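Residue numbers (my numbering), protein chains in the order written: chain A, 1 to 218; chain B, 219 to 455. Don't be surprised by glycine CBs; every beta carbon is placed ideally from N, CA and C. On a predicted model such as this, the values are computed, not experimentally measured, just so you know.
Right, dumping it as structure tokens:
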């Protein structure tokens, strides 16, 4: 079974060509690119900005942006799905700017805690929590080994920040811990993720290189 | 911000990709990226690590209206093209770099496309197409542009860079004939620092533009452009 990283690479391969052709002004290629990626990018955006109307606007901006920037895309430097996901996340985080401008939640008391709860009240009940998402990343063996070095709150803090697009302050508010503590949790968790994911990527490359005909693409 | 310290670059790149770098700091970081290769590299690595994790989010199909709105926007924004037909003598003025630099400088367009019909008003006048850099600021890896001149019978095209292009090891430039619709056709690799003559019987058939992309040495492995499009020029016949 391919690891998520290998699967990601696989999906990206076909997208390179569509993106290159879109870069040359090919509308049909761009339409296919949209068909094949919009559901992923919408999930990414919607997870960060849960207001559906706003998320739709963000998605629209993302693709108009992609159309304009497609020409500069370099398949040797980055994978299409990674590139697209980054643009989507950037726009989604940007759309939260207004929320960001509100006073930080961690400094206040109980009233703010209730407010934080609201963020989660908006979630449909079948939406997996950030930790569940981390578990879902099926390459769990290496990930689990690294993450085991971290405490539950450390794992939760990075998952909240990454999947849900919460700022340090919002994570602190959400979890009821001081900002400084949360910042260092996230930093440590990212370091741990780096270790595991780099290992997983090395393994994928080894598998790829060992496959007949593999390893020639990149 | 001093970013020559690798660990600081690493930390900021991680926070940027993870999404915890926010507000003005995020915008400053965004603005800094194009000029900071070390930072870009760190960001790229963090993206490769973290962004595949978003596959765990599954998929949510957006409503059809989103695509309709996008399509409408494409029509309205279209890529800006400038295609004046300038009659002039057949001298070398169009090789004058200062002229093109000035022109590129005067225009803040990301894409500056110029097609020139040279003097001969005969039906088979040789056509010179200038492939302008697609880099918005002109300072990026690919400055200036290429000149492509077609033979009178339209079966050969000679390309020449306005100034030699510095390529990283293992990279090559590939020329493409771009039809109005459909996939671009490869016209082969072209020299980054000298003239290349490409001969094809069907060179001009439905070719709407020429483009040069950055590819791995030996050319695109897939038969379609994989690298960034560095130069592009529209044909106006």
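Given a cut-off of 8 Å, decide if residue j and residue i are closer than it, judged by their beta-carbon atoms.
| i | j | result |
| --- | --- | --- |
| residue 375 (chain B) | residue 421 (chain B) | yes |
| residue 76 (chain A) | residue 444 (chain B) | yes |
| residue 275 (chain B) | residue 43 (chain A) | yes |
| residue 291 (chain B) | residue 207 (chain A) | no |
| residue 47 (chain A) | residue 164 (chain A) | yes |
| residue 366 (chain B) | residue 451 (chain B) | yes |
| residue 388 (chain B) | residue 434 (chain B) | yes |
| residue 372 (chain B) | residue 349 (chain B) | no |
| residue 193 (chain A) | residue 159 (chain A) | no |
| residue 439 (chain B) | residue 73 (chain A) | no |
| residue 284 (chain B) | residue 453 (chain B) | no |
| residue 399 (chain B) | residue 437 (chain B) | no |
| residue 239 (chain B) | residue 251 (chain B) | no |
| residue 265 (chain B) | residue 78 (chain A) | yes |
| residue 155 (chain A) | residue 134 (chain A) | yes |
| residue 62 (chain A) | residue 55 (chain A) | no |
| residue 273 (chain B) | residue 8 (chain A) | yes |
Please report the distance separating the alpha-carbon of residue i from that of residue j.
| i | j | result |
| --- | --- | --- |
| residue 182 (chain A) | residue 195 (chain A) | 20 Å |
| residue 430 (chain B) | residue 289 (chain B) | 27 Å |
| residue 271 (chain B) | residue 80 (chain A) | 15 Å |
| residue 185 (chain A) | residue 177 (chain A) | 11 Å |
| residue 412 (chain B) | residue 379 (chain B) | 7 Å |
| residue 173 (chain A) | residue 82 (chain A) | 30 Å |
| residue 157 (chain A) | residue 94 (chain A) | 20 Å |
| residue 414 (chain B) | residue 408 (chain B) | 6 Å |
| residue 306 (chain B) | residue 347 (chain B) | Residue confidence is low: residue 306 (chain B) scores 32 on pLDDT, short of 50, so the model does not pin down where it sits. Its coordinate-derived value is still stated next. Whole-angstrom Cα-Cα distance: 14 Å. |
| residue 59 (chain A) | residue 368 (chain B) | 42 Å |
| residue 310 (chain B) | residue 377 (chain B) | With a pLDDT of 34 at residue 310 (chain B), under the threshold of 50, the predicted position of this residue should be treated as unreliable, though the coordinate-derived value follows. In a straight line, the C-alpha of residue 310 (chain B) is about 15 Å away from that of residue 377 (chain B). |
| residue 209 (chain A) | residue 161 (chain A) | 34 Å |
| residue 187 (chain A) | residue 223 (chain B) | 17 Å |
| residue 322 (chain B) | residue 26 (chain A) | Legend: pLDDT at residue 322 (chain B) = 43, less than 50; position of this residue unreliable, no value from coordinates given. |
| residue 150 (chain A) | residue 243 (chain B) | 28 Å |
| residue 49 (chain A) | residue 96 (chain A) | 7 Å |
| residue 16 (chain A) | residue 432 (chain B) | 14 Å |
| residue 269 (chain B) | residue 38 (chain A) | 16 Å |
| residue 40 (chain A) | residue 152 (chain A) | 28 Å |
| residue 225 (chain B) | residue 52 (chain A) | 38 Å |
| residue 57 (chain A) | residue 127 (chain A) | 22 Å |
| residue 287 (chain B) | residue 14 (chain A) | 25 Å |
| residue 191 (chain A) | residue 129 (chain A) | 22 Å |
| residue 159 (chain B) | residue 147 (chain A) | The displayed coordinates of chain B run from 219 to 455. Any statement about residue 159 (chain B) would go beyond what the structure contains. |
Less than 8 Å between C-beta atoms, sequence neighbours within five positions excluded: which residues of the same chain meet that for residue i?
| i | result |
| --- | --- |
| residue 70 (chain A) | 19, 20, 22, 23, 30 |
| residue 2 (chain A) | Reliability of the predicted coordinates at residue 2 (chain A) is poor, the pLDDT of 49 falling under 50, and no value is obtained from them. |
| residue 419 (chain B) | 373 |
| residue 171 (chain A) | 157, 160, 161, 182, 186 |
| residue 145 (chain A) | 196 |
| residue 175 (chain A) | 153, 156, 157, 160, 182 |
Here's a check: name, in chain order, each residue in its chain whose Cβ is nearer than 7 Å to the Cβ of residue i, leaving out the five neighbours to either side.
| i | result |
| --- | --- |
| residue 403 (chain B) | 394, 395 |
| residue 401 (chain B) | 442 |
| residue 382 (chain B) | 410, 411 |
| residue 417 (chain B) | 373, 374 |
Using C-beta distances below 6 Å, list every residue in its chain close to residue i, excluding the 5 sequence neighbours before and after it, in chain order.
| i | result |
| --- | --- |
| residue 227 (chain B) | 221, 256, 257, 260 |
| residue 385 (chain B) | 410 |
| residue 166 (chain A) | 160 |
| residue 241 (chain B) | none |
May I ask whether a heavy atom of the ligand PLP can be found less than 7 Å away from the beta carbon of residue i?
| i | result |
| --- | --- |
| residue 82 (chain A) | Among the components of this structure there are no ligands whatsoever, and the ligand PLP is therefore not found. |
Can you find at least 3 beta carbon pairs, one from the segment 189–206 of chain A and one from the segment 241–259 of chain B, that sit closer than 8 Å? no
With contact counted as at least three CB pairs below 8 Å, one residue from each stretch, are the segment 420–435 of chain B and the segment 390–398 of chain B in contact? yes
Does the segment 79–95 of chain A come close enough to the segment 234–252 of chain B to have 3 or more Cβ pairs within less than 8 Å? yes
Contact the segment 26–33 of chain A vs the segment 259–277 of chain B: 3+ CB pairs below 8 Å: no
Do the segment 243–253 of chain B and the segment 271–280 of chain B make contact, defined as three or more Cβ pairs closer than 8 Å? no
Name the residues in the segment 403–414 of chain B whose C-beta lies less than 8 Å from a C-beta of chain A; which are they? none
Which of the residues in the segment 271–287 of chain B, read from start to end, lie with their CB under 8 Å from any CB of chain A? 271, 272, 273, 274, 275, 276, 277, 278, 279, 280, 281, 283, 284, 285, 287
Interface residues of the segment 232–244 of chain B facing chain A [CB-CB below 7 Å]: 232, 236, 237, 238, 240, 241
Check each residue of the segment 384–400 of chain B: if its Cβ is closer than 8 Å to any Cβ of chain A, include it; give the result in chain order. 389, 394, 396, 399, 400
Interface residues of the segment 413–442 of chain B facing chain A [CB-CB below 9 Å]: 426, 427, 429, 431, 432, 433, 434, 438, 439, 440, 441, 442
Please identify, using Cβ separations under 7 Å, the residues of the segment 241–266 of chain B that lie next to chain A, in order along the chain. 241, 262, 265, 266
Under 9 Å (Cβ pairs) to chain B, residues found in the segment 165–180 of chain A: 165, 166, 167, 168, 169, 171
Interface positions of the segment 70–81 of chain A facing chain B (Cβ-Cβ less than 8 Å), listed along the chain: 71, 72, 73, 74, 75, 76, 77, 78, 79, 81
Under 8 Å (Cβ pairs) to chain B, residues found in the segment 11–27 of chain A: 16, 17, 20, 21, 23, 24, 25, 26, 27
Going along the chain, which residues of the segment 32–53 of chain A sit with their C-beta nearer than 8 Å to a C-beta in chain B? 34, 38, 39, 40, 42, 43, 44, 46, 47, 48
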